[in-house]
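Participant: Pasting a structure here, questions to come.
In my numbering, the protein residues as written are 149 to 420.
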């Protein structure tokens with residue numbers, strides 16, 4: 149019969165492998181709060197959040213002279229500003245906190261890890277919590293012990309922030325796949341792809357294709373176009389790829405390591 153072991157008696161050589169699997173500040177705090185030996189095994193200052201990440205600007209510079217309030221800029225100036233535009237990929241995580249002794253109370257909180265600190269955001273209004281609202285009974289207490297709560301990660305969301313003087317189109321949705329591939333639906337339904345570290349965004353699909361949504365579900369990336377046709381994005385690293393129409397077998401080349409296969413009219417693909 150296996151006997152239970154106190155956390156303080158676990159071999160110290162296990163701490164490092166465990167700590168390498170912790171990728172959020174909440175996980176670090178919960179790990180350090182278990183016992184004294186676990187707290188001394190890893191320092192909260194050693195945790196370096198992955199986000200925000202630099203990301204290529206998906207929008208080309210304007211082709212004509214534009215006036216930005218009191219500032220008028222030419223095409224050459226706009227092109228220079230476009231190259232200097234700072235694009236950052238942010239990640240927020242939605243948690244549900246429930247007191248261990250009761251399941252009928254709890255909070256939904258949204259956390260954003262920045263380089264230096266952790267921000268608590270309002271899950272409904274996409275902004276930072278205000279200290280003036282701290283007296284509200286629905287606001288999370290300022291001081292609490294994470295181990296006194298059941299903490300469940302519900303979902304992660306990614307946003308693209310662009311700091312520029314140049315007016316830009318819309319960024320409708322951003323998703324991350326396998327911690328390195330980023331897909332963006334932007335502008336008038338364009339679908340873009342980039343890997344972390346890329347200097348440019350690759351536009352996927354034909355010029356006349358417009359997409360409404362992109363999701364990651366059970367290890368696959370799916371997109372939906374303006375006609376409601378669902379498409380699965382498949383990746384074949386190291387090979388030439390194409391946009392395949394399964395009805396006639398034709399293909400049109402893409403420059404990314406991706407194959408986009410239509411499965412709406414072929415239910416057997418959805419079962420793979």
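Idealized CB from N, CA, C, for every residue including glycine.
Keep in mind that this is a model prediction, so the values were computed, not measured.
1) DSSP on residue 168, reduced to helix/strand/coil?
2) Could you give the first and the last residue of the continuous beta strand (DSSP E) run that contains residue 258?
3) Name the residue from 158, 260, 341 and 381 whose alpha carbon lies nearest to the alpha carbon of residue 242.
4) Output yes or no for whether 9 Å exceeds the beta carbon distance between residue 347 and residue 200.
5) How close, in whole Å, do the beta carbons of residue 361 and residue 369 come, if the pair is a contact with beta carbons under 8 Å?
6) Between which two residues does the alpha helix (DSSP H) carrying residue 179 extend?
7) Closer than 8 Å is the cut-off here; do at least three beta carbon pairs connect the segment 320-330 with the segment 173-182?
8) Which of the three DSSP states, helix, strand or coil, is assigned to residue 183?
9) So for residue 346, helix, strand or coil by DSSP?
10) Taking contact to mean at least 3 C-beta pairs separated by less than 8 Å, is the segment 184-196 in contact with the segment 156-174?
11) Nearest-angstrom Cα distance between residue 246 and residue 296?
12) My guess is that residue 337 and residue 358 are in contact by the Cβ rule of under 8 Å, so how many angstroms apart are they, rounded?
13) Pull up the distance between the alpha-carbon of residue 155 and that of residue 186, whole angstroms please.
14) For residue 363, report the span of its beta strand (DSSP E) as first-last.
15) What is the rounded straight-line gap between the Cα of residue 157 and the Cα of residue 163?
16) Should residue 341 be labelled buried (16 or more other beta-carbon atoms within 10 Å of its own) or exposed?
17) Beta-carbon within less than 8 Å of residue 238's beta-carbon, same chain only, minus the 5 sequence neighbours each way: which residues are those?
Facilitator: Let me lay it out:
1) coil
2) 255-261
3) 260
4) no
5) Not confirmed; about 11 Å, so no contact.
6) 173-180
7) no
8) coil
9) coil
10) yes
11) 9 Å
12) 3 Å
13) 8 Å
14) 359-365
15) 12 Å
16) buried
17) 199, 200, 260, 306, 307, 308 and 309
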